[in-house]
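The structure appears below as structure tokens.
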Amino acid sequence: MTKAAVTKAAVTQAAKGRRLVSIVPHTHWDREWYLPYQAFRLKLVDLLDGLLPQLEANPSYAHFLLDGQMAVVDDYLAVRPDAEERLRALAITGRVAMGPWYALPDEFLVSGETLVRNLQRGLRVAARFGGAMDVGYLPDMFGHVAQMPQLLRLFGFEHAVVWRGVPRAVDRSGFLWSSPDGSTVRAEYLPVGYGNGALVPDDAKALLRRIGEFEAEQGDLLVGPILWMNGTDHLMPQPWLGRVVAEANGLDESSYELHICSLAEHVRSAPTEGLPSWTGELRSGARANLLMGVASNRVDVKQAAARAERSLERLAEPLSALFLPPERWPAALLDAAWLEVIRNSAHDSICACSVDDVCDAVLHRFAEATQIADGLTTRALDALGASITGVGPVVVNPSARRRSGLVEVRLPGNEVPPGCQLVSERPAERMLVTDSPVATATVMVLELEHIRSIRSLTIETLDGDELLRVERDEAGSLITPTVRQAIATIREERAGERVQVRITTKPAITVLARVDGLAGYGWQSWTGASAPAPASAAVTATEAGLANGRIEVTIDPTDGTFAIDGHGGLGALVDGGDVGDTYNWCPPDNETLVTQPRSVTTRVLEGGPLRARVAVMRTYDLPTHVAGPERVGRQRVEVTTVLELRAEEDLVRVELDLDNHGLRDHRLRAHFPLPERASSSRAECAFAVVERGLVAEGGPTEMALATYPSRRFVSAGGLTIAHEGLLEYELIDLDDGATTAGTLALTLLRCTGMLSQGPMTTRPLPAGPLTPMEGPQMQGPVNASFAVHVGDRDPFEVVDDAHLPLLVTRASNGPQPNEGQALSISGAQVSAIVREAGAVHIRVFNPTTSPTEVRVEGRHGWLLDLRGRPLHSFEESFELAPGQIATAALA
Ligand SMILES: [Zn+2]
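Going left to right, the sequence shown walks through residues -14 to 876 as the working numbering numbers them.
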């Protein structure tokens, strides 16, 4: 922390006995929200078209803050490319502040890696304009993650500016905010938000009166110069600002000295002594609403985000970095995918507290990012396969930890190797067409030429008399001119008859195989010769449950819940009303909870020995919507839950499907009784596992509600849920003193009909426009995927097992051995593996409370900060303090 610099202006004003007021003109620019992006962009173009000449012509309008995000600059210059030089001139002379973010993100609903890439991109774009604002500006985020101070410090920032989430315990407008590793920034706290000085009146006395009212209202909370944020959402600048400020300063009776300045200038002059301290995340509703219900709003958007981030961070990047030669690193394509993900990380985009057009765009961007990532993953796997000796399947481990697990392999022939489980087969001979008009069958047969696996075909009468038999010839042709002629003859002679077509193909099977002890970022040719697992380890399924010799899953036929080793009641569905909006959950006045299904049936889908699955079909009678104070209507809905258990695994995979069409204004949660009552939960958030108690802090603008977000997993009381995009959980079933909880509730779905509501029980004021919307009602099929582990395994391991499967490629006589490892990293969680200027860079973090040694076997290099500047060198290993994040360039 630098010592507070006392500005010249401050000294002068102190002498006059006037309190300094820093006026920071700005606009808060949600790229998309209650209007789609293009509609807001039109307004953005108007704003900047007006602002640039104003700044150029009027030096008294000393400064403008472009909302701390470079997207507004890119979006503007895309339609006004000629303005780039003017904007650069204003930025270089300090008249306009830009960045450091690319888009102002939500911090909880995206990955840590997305936050890093967002800031890196913002800084990169800002460099074209002489650099970014030197402040971690976080004006509107719906709370702040625990690791934000460390991220900011790793980017070289010493200051943050925050609003929402600051707890009651912080009672000053500045505080020292620390991450779990001890990294600290000075945070400037905006007690009433980023718009306290919006719409400055064209009257000096009126302006001073407003500042006086603000000072009186905030009292002791305000320390040092008063920060007057002159702007708010999508607000155009007030051209008279410079004149009014000069007039106000000329008034003898004024007790303030106003100056228009940059946010960086203000925070540098703000006091650092005697401030309160806070360590960890900021998720309080004490003075501003946190809008915590965004975590469960539009679950489809959250699932798409989780998929895109997994595809990019865990597959496309590490596999391309490790298995492609450096010159084939797909920088431009990855950059294109990340741009979509970063744009979507904007708080109103990922929170989906936006009109349906915006959510459509967000889903489309995630789909494109995922398509790029999946395509790049396939190419990296193909490249690896081509480099490996022999022919046949090769199993690949995309994670850093040593892994065992199942893979699907496709094999020629019809022999299931010992220990494998048949998934599907293509038989040698089969009937392709039965009882078809000859005209149709003969046209179809001509197309079989292109299906190379077909070796012969026979056209027969319905009695089985052969009319034509064709074998693929030595040149590889099936439908030769002679055959074509024969088919034409049949069509002519047999017009009006019905025939059948039989084909023979090369037989092939798809089997499940278990692979053991595959090294991290390693590969192993699959020979099929592995010893079959002992019969005691085989997984079995009946309509009553599943077992694999390690755990036993039993299904309760009365309510469709399941038990793991006798610990029951898991996965009970609880459906309640929701008259809230995209921001907050709110139960109707007369709540009706539906907890019991009308009927339960089960069916075995797959019976082992490596993978077994049982479908549990539960039917419920659910209310259809809320009218007035209560839920009304009734609709039967079937919820299908597929429980899957694999050989030698200690987790149960759960796939839940329902058709939500017709069901509105409700929240559906799955309940999981905890093996032991718990006083806290542990959830993954960006680069950390955060521990949270059972209650939240609320305030006048929002009721306290202990629904919390988790990324990828949450653990409590000996139970872990690993999920993909089911971000919201709550510990419920509290004892009298609220010291322990008995159940974890996981939100599967939250359906509401308004962007924002008017006054409601859980939040007295609207959080946005009162726009009715259909999208948040989630009308249509809904799918939820998660895994349940009872026990004490590392939740990061459970996440990988559940959602990052082992992969398969095919060897094709390359030079590399049939078993190998591209990179060995141990001792920390790996967040990223990328290439920068040809070198492999890794990012790791220590989510534990003990120091750890990170080993990168056989490699040396440099530790870097997040701007890529070297910190110090290392040989094969380096220390990570509890909670620490590190980036290393490997030589
Ligand atoms: Zn905003």
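Yeah, the Cβ is synthetic: ideal placement off N, Cα and C, and Gly gets one too.
These figures come from a predicted structure and were not determined experimentally.
Residue i, DSSP secondary structure in three states
i        : result
Val783   : helix
His857   : strand
Tyr22    : helix
Asn575   : strand
Thr609   : coil
Leu792   : strand
Arg395   : strand
Pro403   : coil
Pro315   : coil
Phe114   : coil
Glu122   : One point to set straight first is that residue 122 is Tyr, not Glu, in the sequence displayed. DSSP places Tyr122 in strand when its eight states are reduced to three.
Asn768   : strand
Lys(-12) : Caution is warranted here: a pLDDT of 39 is assigned to Lys(-12), below 50, making its placement in the model unreliable, and the coordinate value is therefore given only provisionally. Coil, per DSSP.
Asp367   : helix
Arg476   : helix
Asn382   : coil
Val430   : helix
Ser262   : strand
Val(-4)  : Because Val(-4) carries a pLDDT of 48, less than 50, the predicted location of this residue cannot be relied on, and the following value inherits that uncertainty. If DSSP states are grouped into helix, strand and coil, Val(-4) belongs with the helices.
Ala460   : coil
Ala183   : coil
Arg272   : coil
Glu298   : helix
Whole-angstrom distance between residue j and residue i, CA atom to CA atom
i        : j      : result
Asp574   : Glu294 : 39 angstroms
Glu576   : Asn282 : 20 angstroms
Glu633   : Thr465 : 53 angstroms
Asp188   : Val229 : 6 angstroms
Thr(-8)  : Cys736 : Any answer about Thr(-8) is weak, because its pLDDT of 49 lies below 50 and its placement is not dependable; what the coordinates show is given next. Answer to the nearest angstrom: the Cα atoms are 52 angstroms apart.
Gln814   : Val829 : 5 angstroms
Leu733   : Thr626 : 13 angstroms
Asp718   : Gly553 : 16 angstroms
Ala(-10) : Ala255 : Per-residue confidence for Ala(-10) stands at a pLDDT of 42, beneath the threshold of 50, marking its modelled position as unreliable; the derived number appears in the next sentence. Distance between the alpha carbons of Ala(-10) and Ala255: 8 angstroms.
Arg4     : Ile211 : 8 angstroms
Ala42    : Ala822 : 43 angstroms
Asp125   : Gly107 : 17 angstroms
Arg440   : Ala371 : 28 angstroms
Thr878   : Pro790 : Outside the displayed span of the chain (-14 to 876) sits residue 878, for which this structure offers no information.
Val146   : Gly561 : 38 angstroms
Trp162   : Arg138 : 11 angstroms
Glu133   : Pro867 : Reading off the sequence, residue 133 comes out as Met, not Glu. Rounded to whole angstroms, Met133 to Pro867 spans 15 angstroms at the Cα level.
Leu848   : Gln869 : 13 angstroms
Lys(-12) : Glu258 : Caution is warranted here: a pLDDT of 39 is assigned to Lys(-12), below 50, making its placement in the model unreliable, and the coordinate value is therefore given only provisionally. Whole-angstrom Cα-Cα distance: 9 angstroms.
Ser911   : Glu804 : Here the chain has residues from -14 to 876 only, and residue 911 is not among them.
Identified DSSP bridge partners for residue i
i      : result
Gly684 : Glu687
Ser695 : Paired residue(s): none; Ser695 is not in a bridge.
Ser521 : In DSSP, Ser521 forms no bridge with anything.
Cys736 : His651
Phe160 : Ala172
Thr490 : Ile439
Asn215 : Pro10
Gly390 : Val500
C-beta atoms of residue i and residue j nearer than 8 angstroms
i      : j      : result
Phe142 : Leu260 : no
Gly2   : Ser247 : no
Asn569 : Gly843 : no
Val524 : Ala597 : yes
Val286 : Pro21  : no
Gly53  : Pro85  : yes
Val58  : Val110 : yes
Val500 : Val401 : no
Gly265 : Val675 : yes
Leu453 : Glu434 : no
Pro694 : Leu712 : yes
Any beta strand (DSSP E) of 3 or more consecutive residues that is wholly inside the region 617 to 669: Listed in chain order, the complete beta strand (DSSP E) runs (minimum 3 residues) inside the region 617 to 669 are 620 to 631, 637 to 644, 651 to 663.
Suppose only complete runs of 3+ residues qualify. What are the beta strand (DSSP E) ranges in the region 704 to 763, listed by chain order? Whole beta strand (DSSP E) segments, 3+ residues: 704 to 708, 713 to 719, 726 to 736.
Fully enclosed by the region 222 to 252, which beta strand (DSSP E) runs are 3 residues long or longer? Taken in chain order, the complete beta strand (DSSP E) segments of 3 residues or longer contained in the region 222 to 252 are 241 to 245.
Which runs of the alpha helix (DSSP H) spanning at least 4 residues fall entirely within the region 18 to 62, listed in chain order? Within the region 18 to 62, the complete alpha helix (DSSP H) runs of at least 4 residues are 22 to 42, 56 to 62.
Sequence ranges, beta strand (DSSP E) only - wholly within the region 65 to 93, length at least 3: Counting only runs of at least 3 residues, the region 65 to 93 fully encloses no beta strand (DSSP E) element at all.
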